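Q:
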């Protein structure tokens with residue numbers, strides 16, 4: 001990626017120096033290097049604020065986490081170097097596996113469902129131009145403005161068997177072992193569908209309107225325009241929204257953490273891999289093991305995102 | 001690790017004399033930082049600062065329970081940022097003691113106040129002449145029940161667990177399954193352990209004096225007796241299973257869905273704050289017994305003040321820990337009892353008329369402490385493990401899943417036993 005960006009910068013410099021036959025003069029070579037250095041320095045200056053933040057708040061903590069994931073500290077004996085024992089333990093840990101499987105199932109159902117809802121809403125708002133559509137656009141986006149913690153707490157009340165609005169009306173325990181994953185999926189969809197809708201809607205707004213005109217003249221109806229023209233044309237935005245959703249799903253954490261006290265039998269301390277890592281560190285003082293699980297999870301998120309991007313590379317704007 | 005331990009030993013070592021550990025004498029009032037989480041603590045702090053010109057307390061509410069422990073662990077591990085004096089629940093003392101972060105208050109005269117506490121309470125905070133915290137409050141257990149609903153459904157007050165179950169069945173029939181005898185909060189490790197304690201279970205054998213050895217016995221016949229009893233109550237539709245601390249639980253206590261509440265010394269105040277509308281309808285009676293006529297009791301909750309190894313003047317911090325809610329500090333206890341609803345551990349306060357004869361409007365004028373104080377005095381010895389939060393989590397997770405999946409509860413204790421033993425071995429303990 002970066003080489004591609006360097007190319008145009010290198011080209012004018014080369015063009016300014018007509019190739020001579022035989023050995024290049026040292027002066028010319030020196031001038032070229034100087035020019036490049038200055039340009040590189042300017043480039044670095046621009047990326048410096050970002051680079052500093054990246055190193056200080058991402059790379060260094062990651063390196064530290066990796067370091068402590070190679071140690072094992074015990075209450076009685078203190079800290080010892082353990083090589084990859086923590087990783088081996090995580091691979092063998094059925095609780096980690098249970099969490100991973102749960103998150104995968106969750107993602108397989110929740111991701112297409114939410115993107116589908118977001119796409120449908122975006123297409124509807126794009127087609128309608130009334131004042132109602134403006135209101136609806138804002139209304140669908142509002143949940144995203146509510147902090148995740150607050151939103152989840154609110155749903156906790158709504159799900160409550162004794163005080164929730166549905167208590168007595170339907171005989172469903174929204175927080176039992178068999179229903180809680182769907183209840184969590186509902187919260188996530190409520191929270192993020194509006195956000196994804198805005199992303200897709202913005203992409204739709206960017207399409208040239210004349211295409212619809214010509215499609216209409218060719219006899220296409222609104223539904224056909226939506227499905228055969230608009231949707232394929234915003235596929236790169238769809239890929240982006242899906243990618244963010246996948247990354248979010250693999251790190252599923254806040255919602256189960258907040259709802260856990262309501263039914264700890266259904267939402268266990270190892271409900272998702274992220275929650276498990278959190279509990280290992282902050283409830284059981286197993287910082288080393290927690291670091292190993294986090295690192296593995298990070299690798300899975302990276303690989304998962306990469307596979308998705310690779311599979312959809314023709315549609316993706318992120319090449 | 002070893003270096004830190006040695007340094008802290010040296011630090012407490014030179015503090016044993018008359019002089020403070022640091023060479024420079026404090027000039028002006030010494031500031032002592034205290035972490036405690038009851039909101040009403042402000043009054044106690046103000047009172048202390050008003051009556052001491054040489055010490056000034058700086059109070060921080062660093063969160064309740066586990067929230068505070070997480071912060072405290074982090075600050076202690078980091079080597080700075082911890083308070084001089086911290087509130088610790090009794091079951092947490094071994095955890096913080098094992099990492100050698102608690103100052104031995106025995107060196108600063110704590111043994112002089114030993115006589116103010118009953119034996120079991122003092123044992124919870126000490127070993128031999130070493131004292132790791134000063135007890136503040138405790139949680140002797142009792143049964144709180146709705147007198148009006150008992151009348152309405154024609155129930156009699158149970159004195160044994162058998163009778164309790166019979167009344168629960170009667171209630172189920174009389175209310176058409178709408179009311180439950182109680183709610184069983186399987187998410188509260190302290191509550192479960194209190195009930196097991198009453199049944200004679202001794203889940204841990206641990207002595208701070210020999211910290212690398214631990215005995216684990218969480219699936220003893222006594223403990224299994226307790227969970228199997230409650231398994232029957234829950235599966236029979238006699239007890240609800242909402243987690244303690246949830247809206248549904250509070251709502252059930254206030255709405256008459258639960259006609260009894262198995263509670264502790266701090267319970268009357270707690271209940272009053274969550275079920276205000278039921279004022280005057282509750283009564284307190286002793287906890288039902290496994291054997292008729294017996295007087296077996298357990299403890300649920302309770303706290304203490306410990307001095308951390310980051311205290312610059314451990315002698316002064318120790319003084320604060322001893323005096324804040326000391327046996328002679330009747331003014332502080334007036335706030336503690338009337339506003340914070342603490343159940344005092346200091347015998348002179350406990351046996352004072354102000355406490356014993358206090359009438360609780362919420363209980364229709366009943367002197368509820370006449371129920372709680374005898375229970376407190378009958379609590380026997382009990383040891384905690386130095387990794388209590390792990391154990392609580394194993395037991396509660398296991399039971400909660402057993403409730404969810406309708407699997408045998410005693411099997412959950414067997415699993416917890418295995419997991420805890422594995423964890424202890426991994427942590428380097430000799431497990432017995």
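Protein chains in written order, with UniProt numbering: chain A, 1 to 319; chain B, 1 to 432. Where a beta carbon is used, it is the ideal one built from N, C-alpha and C, also for glycine. Fair warning: this is a prediction, and the values are worked out from it, not measured in the lab.
Throw me the rounded Cβ distance for the residue 83 (chain B) and residue 37 (chain B) pair, which I believe falls under 8 Å.
A: Not really, about 12 Å apart at Cβ, beyond 8 Å.
Q: Mind listing the chain A neighbours of residue 274 (chain B)? Cutoff is C-beta to C-beta under 7 Å, in chain order.
A: In chain order: nothing, as chain A lies at least about 13 Å away.
Q: Have a look at residue 420 (chain B) and residue 307 (chain B) and give me their C-alpha separation to the nearest angstrom.
A: For residue 420 (chain B) and residue 307 (chain B), the distance between alpha carbons rounds to 29 Å.
Q: Of all Cβ atoms in chain A, is any one closer than 9 Å to the Cβ of residue 428 (chain B)?
A: Chain A, which has a Cβ nearer than 9 Å to the Cβ of residue 428 (chain B), makes this yes.
Q: Write down the C-beta distance between residue 228 (chain B) and residue 410 (chain B) rounded to the nearest angstrom, noting that I regard them as a contact closer than 8 Å.
A: With 8 Å as the limit, residue 228 (chain B) and residue 410 (chain B) qualify as a contact, their Cβ atoms being about 6 Å apart.
Q: What first and last residue would you give for the beta strand (DSSP E) that runs through residue 304 (chain B)?
A: Residues 299-307.
Q: Curious, which full-length beta strand (DSSP E) runs of at least 3 residues does the stretch 240-310 of chain B contain?
A: Taking only runs of at least 3 residues, the beta strand (DSSP E) segments lying wholly in the stretch 240-310 of chain B are 260-264, 282-286 and 299-307.
Q: Rounded to whole angstroms, what's the CA-CA distance from residue 260 (chain A) to residue 40 (chain B)? Just pull it up for me.
A: Their backbone Cα atoms lie some 29 Å apart in a straight line.
Q: Any idea what DSSP makes of residue 182 (chain B), helix, strand or coil?
A: Note: residue 182 (chain B) maps to strand in three-state DSSP.
Q: Using the Cβ count rule (16 or more neighbours within 10 Å means buried), how would you classify residue 314 (chain B)?
A: Label assigned to residue 314 (chain B): buried.
Q: So, residue 191 (chain B) versus residue 185 (chain B), is the Cβ gap smaller than 9 Å?
A: Yes, these two residues count as a Cβ contact at 9 Å.
Q: Which runs of the beta strand (DSSP E) spanning at least 3 residues fall entirely within the stretch 269-302 of chain A, listed in chain order?
A: As far as the stretch 269-302 of chain A is concerned, it has no whole beta strand (DSSP E) run of at least 3 residues.
Q: Using the Cα positions of residue 183 (chain A) and residue 175 (chain A), report the straight-line distance between them to the nearest angstrom.
A: One C-alpha to the other measures close to 7 Å.
Q: What do you reckon, are the CB atoms on residue 57 (chain B) and residue 80 (chain B) nearer than 9 Å?
A: No, the Cβ-Cβ distance between residue 57 (chain B) and residue 80 (chain B) is not below 9 Å.
Q: Strictly below 7 Å CB to CB, what residues from chain B border residue 76 (chain A)?
A: Correct list: 212, 427, 428 and 429.
Q: Just to confirm, are residue 400 (chain B) and residue 243 (chain B) a CB contact at a threshold of 9 Å?
A: Going by C-beta atoms, residue 400 (chain B) is nearer than 9 Å to residue 243 (chain B).
Q: Is the Cβ of residue 270 (chain B) closer than 9 Å to any Cβ of chain A?
A: Answer no: the Cβ-Cβ gap between residue 270 (chain B) and chain A never drops below 9 Å.
Q: If we cut at 9 Å on Cβ distances, does residue 42 (chain A) have a partner in chain B?
A: Not an interface residue.
Q: Quick one: Cα of residue 310 (chain A) to Cα of residue 211 (chain A), how far?
A: Their Cα atoms are separated by approximately 30 Å.
Q: Just to confirm the assignment: which complete alpha helix (DSSP H) runs, minimum length 4, are found wholly within the stretch 103-151 of chain A?
A: Entirely contained in the stretch 103-151 of chain A, the alpha helix (DSSP H) runs reaching 4 residues are, in chain order, 131-145.
Q: Within a Cβ cutoff of 8 Å, which residues of the same chain sit near residue 129 (chain B), ignoring the five residues on either side of it in sequence?
A: Around residue 129 (chain B): 106 and 111.
Q: Give a yes or no on whether 9 Å exceeds the smallest Cβ distance from residue 307 (chain A) to chain B.
A: No, its Cβ sits nowhere closer than 9 Å to a Cβ of chain B.
Q: In whole angstroms, give me the CA-to-CA distance for residue 29 (chain B) and residue 74 (chain B).
A: Going by the C-alpha atoms only, they are around 28 Å apart.
Q: Going by DSSP, what residues sit across from residue 140 (chain B) in a beta bridge?
A: DSSP lists B:299 as partners of residue 140 (chain B).
Q: Would you list the residues sitting across from residue 126 (chain B) in a DSSP beta bridge?
A: Per DSSP, B:131.
Q: May I ask you to list the residues that DSSP assigns as paired with residue 173 (chain B)?
A: Per DSSP, none; premise fails for residue 173 (chain B).
Q: I'd like the span of the alpha helix (DSSP H) that includes residue 213 (chain A), first residue to last.
A: Where residue 213 (chain A) is concerned, the enclosing alpha helix (DSSP H) stretches over 210-217.
Q: Note down, in chain order, every chain A residue with its Cβ under 7 Å from the Cβ of residue 246 (chain B).
A: By Cβ distance, chain A contributes 261 and 262.
Q: Counting only runs of 4+ residues fully inside the stretch 185-220 of chain B, write out the alpha helix (DSSP H) ranges in chain order.
A: Correct list: 189-198.
Q: Which chain A residues are close to residue 70 (chain B), counting only those with a beta carbon under 7 Å from its beta carbon?
A: 282, listed in chain order.
Q: Which residues, in order along the stretch 377-393 of chain B, keep a beta-carbon less than 8 Å from a beta-carbon of chain A?
A: Listed by position along the chain: 386, 387, 389, 390 and 393.
Q: For residue 286 (chain A), count neighbouring Cβ atoms within 10 angstroms of its own Cβ and tell me buried if that reaches 16, exposed if not.
A: Buried is the call here.
Q: Label residue 137 (chain A) either buried or exposed according to how many other C-beta atoms from any shown protein chain fall within 10 Å of its C-beta, with 16 as the threshold for buried.
A: So residue 137 (chain A) counts as buried.
Q: Against chain B, with Cβ distances strictly below 9 Å, would residue 268 (chain A) count as a contact?
A: Yes, contact with chain B.
Q: Could you check whether residue 288 (chain B) and residue 164 (chain B) sit closer than 9 Å to each other, using their CB atoms as the reference points?
A: Yes, Cβ-Cβ distance for residue 164 (chain B) and residue 288 (chain B) is below 9 Å.
Q: Kindly indicate the opening and closing residues of the beta strand (DSSP E) around residue 88 (chain B).
A: Start and end: 85-89.
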